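The working numbering applies: residue 810 is where the sequence shown begins, and numbers increase by one.
We put the beta carbon where it would ideally sit given N, CA and C, even for glycine.
Note that the structure is predicted; figures quoted are calculated from it, not measured.
In what follows, a single structure is set out as C-alpha cells and then discussed.
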Amino acid sequence: MGKRLSGGSGRFLGCAALLLAASPVLAKGPVDLASPQPGLEVCYIDGFIRHIDEMVRKEGSRDCDPGPVLPQLNYSTGGGNVLTSKSNDGVMARITGFIHLDQTGSYTFAFESNDGVRLEIDGAMILEDPDVHSDQFSDYGYLEVSEPGWYPVLIRYFERKNTSTLRFHWQPPGTEGTMPLVPAEALAHGS
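What follows is the structure, encoded as C-alpha cells:
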C-alpha cells in the first residue's frame, strides 16, 4: 500500500514514487454487462461496529434493506443521515455494481472515509481502511487492467457514530496530478 495522506481538501497529490511502491492486483477480465443502469446499488444493515470484518460476519445474519441507487460516491454529512439511509448512526452499507475501466494499465484507487471502508474489484481486495476513524484518506490500492470494460465492484462501508464521509477517488493510467472522484458515468449496476 502507498502512504496515507490526510487533509480536508479532498485531493491527492500525484507522486511517482508512491505509484511504484506497491504491486497492483491483476484483473481477470471484464464482464459482459448487457444493459448498464447508472449508479451503484446499496443495501443498509443496522448496527454499531468497530471494524469492517465485523460487517462481513454480520451480513449473512441481518436484514439488508435496499436504498436508492447511489449515482456517485461523494458523500459527507455532519449529523445527517449516512449516504441515502434513514439513519445517522450505526449504519453499514453494502454497495455493489460495476466500474468501467476504459483503458489498459494500472489504476490507482483511494477513499476519503469516516469510518471504515473496503474495496473489491473483480473479486480481489484492492484496499481497505477498516476501522473507526475521523475523516481521513486511505492508502492507495492498485489494479492492473489488460482489457478495458466493466468490472464488478463491491464496497463495504460503515459509520459508527457522529459524522460520515465516503468519497471514491481514482487515477486512471497515464494521468497525473490530483486524484479526482470516480465519475458517475464510470459506475453502473445491472446484469
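Between residue i and the rest of its own chain, which residues show a CB-CB distance below 7 Å, the 5 nearest in sequence each way excluded?
i: A995; result: I908, H909
i: G889; result: N897
i: C852; result: C873, D874, P875, G876, R903
i: H860; result: G925, P939, D940
Kindly indicate which three-state DSSP category residue i falls into: helix, strand or coil?
i: D940; result: strand
i: D855; result: strand
i: A995; result: helix
i: D948; result: coil
i: R903; result: strand
i: Q846; result: strand
i: T886; result: strand
i: G958; result: strand
i: L928; result: strand
i: S915; result: strand
i: S973; result: strand
i: N897; result: coil
i: S832; result: coil
i: R965; result: strand
i: L892; result: coil
i: S922; result: strand
Report back the beta-carbon spacing between residue i and residue j to the nearest angstrom; my notes put them in contact at under 8 Å.
i: D919; j: Y949; result: The amino acid occupying residue 919 in the given sequence is Ala; Asp does not appear at that position. Right, their Cβ atoms sit about 5 Å apart.
i: R976; j: S894; result: Contact doesn't hold; Cβ gap of about 17 Å is too wide.
i: I930; j: V962; result: 5 Å
i: D938; j: S922; result: 6 Å
i: L952; j: I904; result: That pair is no contact at about 17 Å.
i: D924; j: S896; result: About 14 Å separates the two Cβ atoms, so there is no contact after all.
Which residues mark the beginning and the end of the alpha helix (DSSP H) in which residue i is found?
i: E863; result: 861-867
Whose C-beta lies closer than 8 Å to the C-beta of residue i among residues of the same chain, with five residues either side of it excluded?
i: V865; result: R965
i: P839; result: L910, E956, P957, G958, W959, Y960
i: G983; result: Q912, G914
i: K867; result: I854, G856, I858, M901
Given residue i, which residues of its chain have a CB within under 6 Å of its CB, disregarding the five upstream and five downstream residues?
i: V991; result: F977, W979
i: V891; result: V900, E968, S973
i: D944; result: N923, T974
i: D841; result: none
i: D898; result: K970
i: S947; result: A919, F920, L936, D938
i: Q881; result: A993
i: R871; result: I854
Tell me where the beta strand (DSSP E) around residue i begins and ends.
i: V878; result: 874-879
i: P839; result: Unbroken run through P839: none, as it is neither H nor E.
i: P989; result: Premise fails: P989 is in no beta strand (DSSP E) and is neither H nor E.
Kindly indicate if chain D contains any beta-carbon less than 7 Å away from that of residue i.
i: V834; result: Structure shown: chain D not included; a single protein chain is present.
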